[in-house]
Structures are given as C-alpha cells and as structure tokens.
Amino acid sequence: MTRKTKLSHVGNDGRPRMVDVGVKPATRREAVAEVRVRFPAAVAKQLRAQDLRSAKGPVVDTAIIAGTMAVKRTHELIPFCHPLPIEHCRFEIEFAGKTELRIRCTVALTHKTGVEMEALTGASIAALTVVDMCKALSHEIVIDDLHLVEKSGGKRRVRDGKVVDA
Numbered sequence: 496m497t498r499k500t501k502l503s504h505v506g507n508d509g510r511p512r513m514v515d516v517g518v519k520p521a522t523r524r525e526a527v528a529e530v531r532v533r534f535p536a537a538v539a540k541q542l543r544a545q546d547l548r549s550a551k552g553p554v555v556d557t558a559i560i561a562g563t564m565a566v567k568r569t570h571e572l573i574p575f576c577h578p579l580p581i582e583h584c585r586f587e588i589e590f591a592g593k594t595e596l597r598i599r600c601t602v603a604l605t606h607k608t609g610v611e612m613e614a615l616t617g618a619s620i621a622a623l624t625v626v627d628m629c630k631a632l633s634h635e636i637v638i639d640d641l642h643l644v645e646k647s648g649g650k651r652r653v654r655d656g657k658v659v660d661a
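Residue 573 in our numbering sits at position 78 of the sequence shown, and the numbers go up by one each step.
The following block contains the structure:
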C-alpha cells in the first residue's frame, strides 16, 4: 500500500524549508544504517593478512573516527538537518564473506527529530574512508548497498525499509 504524503521540507508556497519540530515531543530515537565495501579477492586477502591495516594505518579505527565526526556534522552537510546533541554513536565493522566489509552505524539521542540522516552519513563516510585508506591497493573497490536498516522513536518505526508501526 502506497501512502500519499506531502514533502515535509517544502512549504505551501513551494519553497524549501526546515521542518518545525518545536511542537514535537522529545523521545528516544535511534537509527541504524549499513553499507558494504567490496574488495577484489586479492586485496581482501591482503587486508586480512595485515589485520586490516594499510600503508596509511589502521583502516577500521580510522573509518570509525571519520564516521563519528561525520555523524556529529551531518547538519553542516545536508541543508535541512537540525543540529543534534548526539548521545550515542557506535560502529560495527567486520568482514561479511570473503571480500565484503560490512559497516554498520548506530546513532541515538533523546530529541524532537530523528537521526536517520546521521546514521546514513556516518556509514557512508566510514565507507569512503575505507576506500581512501585502501585505494593504493586497488581502484576496483566498490561501495554498495547503503541503506537504513532500522529507525525507532517518533511517529514511525522502520525496519529494512518498511514501516512496521505508525
């Protein structure tokens, strides 16, 4: 069933606007985003043998730092995102198969607006950092399948791209 909805960032006059969250209740809100980084087989094997270190340093640790910084600065990158007091940010980065690194970013806070964009931004910047750390090994590294895994708090709960309650 497709719901017909109005775009929240467009006013009645057709102009872009920031959503007024002033009347919304502050609730615990959490979002989880995930992305995959696929390596050529030889590169994945080399990275595993080097404990996920490249000539530039520790790949996972650097990706976590970059992703966390991105989460905290999402409002500077995406025009209508509110600046948020992030209370929790966690990354899980591990191989999911022989050649694919899974990056999962979880962000949470108690506020009047959600953190979906922050989780997606954190996951994507962590993935870009992995590519930057490893590009000397190959230019055939692919970032794939960036998506919102779950969102809770606020009006709707979403899991795997589907509203599970409203």
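The C-beta atom is built at its ideal place from N, Cα and C for all residues, glycine as well. Since the structure is predicted, the reported quantities are computational estimates derived from the model, not experimental observations.
Excluding residues up to 5 positions away in sequence, V554 lie with their Cβ nearer than 7 Å to the Cβ of R548 in the same chain. The C-alpha of E525 lies about 19 Å from the C-alpha of G517. Selection L604, A621, A561 evaluated against H577 yields L604 as nearest (Cα-Cα). Of all C-beta pairs linking the region 631-646 to the region 578-588, fewer than three are shorter than 8 Å, placing the two stretches out of contact.
The Cβ atoms of C629 and I638 do not sit closer than 8 Å to each other. E613 is bridged by DSSP to nothing; it lacks a bridge partner. F590 and R597 have their C-alpha atoms some 6 Å from each other.
With respect to A539, A614 sits apart: the two C-beta atoms are not nearer than 8 Å. Counted as a single uninterrupted DSSP element, the stretch harbouring T608 is not any alpha helix (DSSP H), since DSSP gives it neither H nor E.
Per DSSP, the beta bridge partners of K646 are A526, V653. For I588, the uninterrupted beta strand (DSSP E) segment begins and ends at 583-590. Secondary-structure assignment with DSSP links A603 through a beta bridge to E525, H583. In terms of CA proximity to T616, T569 leads the group Q545, T569, T624, R523. Boundaries of the alpha helix (DSSP H) harbouring Q541: 536-544, taken from the DSSP string.
H634 counts as exposed, since fewer than 16 other C-beta atoms from the protein chains shown sit within 10 angstroms of its C-beta. Secondary structure note for V554: its alpha helix (DSSP H) is the uninterrupted segment 554-567.
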